[in-house]
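Numbering (the numbering used here), first residue to last: 24 to 321. Backbone N, C-alpha and C define an ideal beta-carbon position, used for all residues, glycine too. Just so you know, these numbers come straight off a predicted model, no measurement behind them. Here the structure comes first, spelled out in structure tokens, and everything after it is commentary.
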Amino acid sequence: MRGGIISIVSPSEDKTKQAAEKMGKLQDKGDLNIYYRKQNDYILSTIVPTQYPLSIINTLVAISLSNKIIILLNDNLDWKDGELLLAANSSGIDSIAIHNNINLIKKLIESSNINVKVSSDYENEIKYQEPESRKEDFVYIDRVFTVKGVGAVMLGFTFMDLKVHDKMIALPSMQPVEVKSIQVLDEDQESVGPGVRVGLALKNVKADDVKDTYALIPEDKKWLKSFEGEFVKYPWSEIKENGQYHFISGGVILMGQLKFGDKAKVELTKPMPKFKRIIVADVNAKSGKSRIIGYLKI
24 MRGGIISIVS
34 PSEDKTKQAA
44 EKMGKLQDKG
54 DLNIYYRKQN
64 DYILSTIVPT
74 QYPLSIINTL
84 VAISLSNKII
94 ILLNDNLDWK
104 DGELLLAANS
114 SGIDSIAIHN
124 NINLIKKLIE
134 SSNINVKVSS
144 DYENEIKYQE
154 PESRKEDFVY
164 IDRVFTVKGV
174 GAVMLGFTFM
184 DLKVHDKMIA
194 LPSMQPVEVK
204 SIQVLDEDQE
214 SVGPGVRVGL
224 ALKNVKADDV
234 KDTYALIPED
244 KKWLKSFEGE
254 FVKYPWSEIK
264 ENGQYHFISG
274 GVILMGQLKF
284 GDKAKVELTK
294 PMPKFKRIIV
304 ADVNAKSGKS
314 RIIGYLKI
């Protein structure tokens with residue numbers, strides 16, 4: 024079983040809903056609404072975040088989970104469209120912005136040094152597709168609960184090849200866990216590839232012991248908590264020395280402190296899987312100013 028994840032973001036919630044309904048069927052509703060479509064052994068998951076622009080958290084989670092990002096821009100652009108373009112650019116993920124006036128958007132993107140494709144062909148972009156998957160040696164987890172007769176169960180997305188009996192480490196608890204069974208759309212699987220929405224039953228562990236889990240990593244893989252990297256700052260961003268910011272990648276969103284020296288130094292409050300690129304956001308930035316301040320390359 025293989026899969027791909029597309030996020031659709033826009034200042035307009037109606038636009039994202041209409042587009043997602045063309046991509047699949049809504050089956051998971053919450054902070055992230057997830058639409059599924061299965062073709063043979065491939066499952067396309069289309070994620071639509073809620074609460075934007077009041078909150079940017081769900082949007083950053085959705086964007087950072089994606090194999091591809093589709094940005095539906097408003098006809099009359101404002102700061103929200105710019106913020107979404109910056110978020111997509113900061114993720115380093117394949118992104119396309121859709122707008123009737125291609126030349127206008129291209130000029131905006133070029134002047135801001137943003138790496139996002141542009142299209143006016145809505146019908147061609149909003150259709151079933153199989154984006155290239157990401158392999159990053161972790162499983163993103165967004166829900167942990169107990170099922171009677173089964174035990175601890177986790178829901179999330181794979182970013183690696185995962186098999187029954189694989190042994191993993193749960194973050195942030197560092198609790199070792201073993202995969203007892205894997206389900207995809209209520210069907211048992213012996214193994215899955217990256218990009219698939221999964222339900223994992225765990226062996227010899229209680230849900231309460233791993234209730235705060237946001238990621239699983241293989242036993243032999245390292246994680247990040249205190250690290251250095253190259254920080255790419257947007258020219259208009261206001262940075263506070265030793266300031267507290269949100270660091271987002273692979274759906275994982277953590278608080279941490281950003282310090283500057285020869286390289287940027289980050290001290291996270293909790294461990295994060297080892298990512299190559301991390302969005303940095305100030306979610307409390309003044310209204311009308313972009314909450315995306317830059318990104319880290321590790």
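When the options are compared against residue i, the one with the closest alpha-carbon
i: Ala193; options: Glu153, Glu261 and Ile164; result: Ile164
i: Asp54; options: Glu36, Lys61 and Glu44; result: Glu36
i: Asn81; options: Ala42, Lys38, Val255 and Ser33; result: Ser33
i: Leu96; options: Ile119, Phe180, Ser89 and Gln74; result: Ile119
i: Lys286; options: Ile276, Ile94, Arg314 and Val255; result: Val255
i: Val173; options: Asn227, Lys91, Lys52 and Met24; result: Asn227
i: Leu185; options: Ala110, Leu178, Phe161 and Met197; result: Phe161
i: Asp243; options: Ser113, Met197, Leu100 and Gly105; result: Met197
i: Ala42; options: Tyr145, Leu277 and Leu319; result: Tyr145
i: Val233; options: Ser143, Tyr75, Glu261 and Phe168; result: Phe168
i: Phe180; options: Asn63, Glu44, Asn147 and Asn90; result: Asn90
i: Ser143; options: Asn126, Tyr151 and Glu155; result: Asn126
i: Ile262; options: Leu277, Ile271 and Lys282; result: Lys282
i: Gly273; options: Ser156, Asp189, Asn147 and Leu107; result: Ser156
i: Lys61; options: Ser260, Ile321, Glu153 and Asp117; result: Glu153
Contact belief for residue i with residue j at Cβ below 8 Å, rounded distance in angstroms
i: Tyr65; j: Gly26; result: 6 Å
i: Ser68; j: Arg220; result: 5 Å
i: Leu225; j: Val202; result: 7 Å
i: Gly115; j: Ser313; result: Gly115 to Ser313, Cβ: 17 Å. No contact.
i: Ser249; j: Glu213; result: The pair is not a contact, with the Cβ atoms about 38 Å apart (cut-off 8 Å).
i: Gly279; j: Ile28; result: At roughly 25 Å, the Cβ-Cβ gap does not stay under 8 Å, so Gly279 and Ile28 are not in contact.
Pairwise C-alpha distance: residue j and residue i
i: Pro77; j: Tyr237; result: The amino acid occupying residue 77 in the given sequence is Leu; Pro does not appear at that position. Leu77 and Tyr237: Cα-Cα distance of roughly 23 Å.
i: Asn136; j: Ser30; result: 22 Å
i: Lys48; j: Asn265; result: 44 Å
i: Ser310; j: Gly216; result: 41 Å
i: Val275; j: Lys38; result: 26 Å
i: Asp98; j: Ile121; result: 10 Å
i: Ile93; j: Lys288; result: 31 Å
i: Val139; j: Ala110; result: 10 Å
i: Val284; j: Lys158; result: In the sequence under discussion, the amino acid at residue 284 is Gly, which differs from the Val named in the question. C-alpha separation (whole angstroms): 31 Å.
i: Pro294; j: Lys245; result: 10 Å
i: Lys171; j: Asp231; result: 14 Å
i: Gln50; j: Gly252; result: 38 Å
i: Asn112; j: Lys103; result: 14 Å
i: Ser134; j: Gly317; result: 16 Å
i: Ile79; j: Val306; result: 7 Å
i: Phe270; j: Leu108; result: 17 Å
Beta carbon of residue i nearer than 8 Å to that of residue j
i: Leu223; j: Ile205; result: yes
i: Ile301; j: Ile315; result: no
i: Lys40; j: Val71; result: yes
i: Lys129; j: Val141; result: yes
i: Arg166; j: Met177; result: yes
i: Ile149; j: Met46; result: yes
i: Tyr257; j: Ala304; result: no
i: Asp322; j: Pro195; result: Nothing about residue 322 can be reported from this structure: the residues present for the chain run from 24 to 321 only.
Opposing strand residues paired with residue i [DSSP bridges]
i: Ile70; result: Ser30 and Ile57
i: Leu100; result: Note: Leu100 sits in no beta bridge, so no partner.
i: Met295; result: Leu247
i: Gln198; result: Ala193
i: Tyr237; result: Tyr237 pairs with nothing; no bridge assigned.
i: Lys91; result: Ile29
i: Met46; result: Answer is none; Met46 lacks a bridge partner.
i: Leu281; result: Gly266 and Val289
i: Ala120; result: Ile94 and Val141
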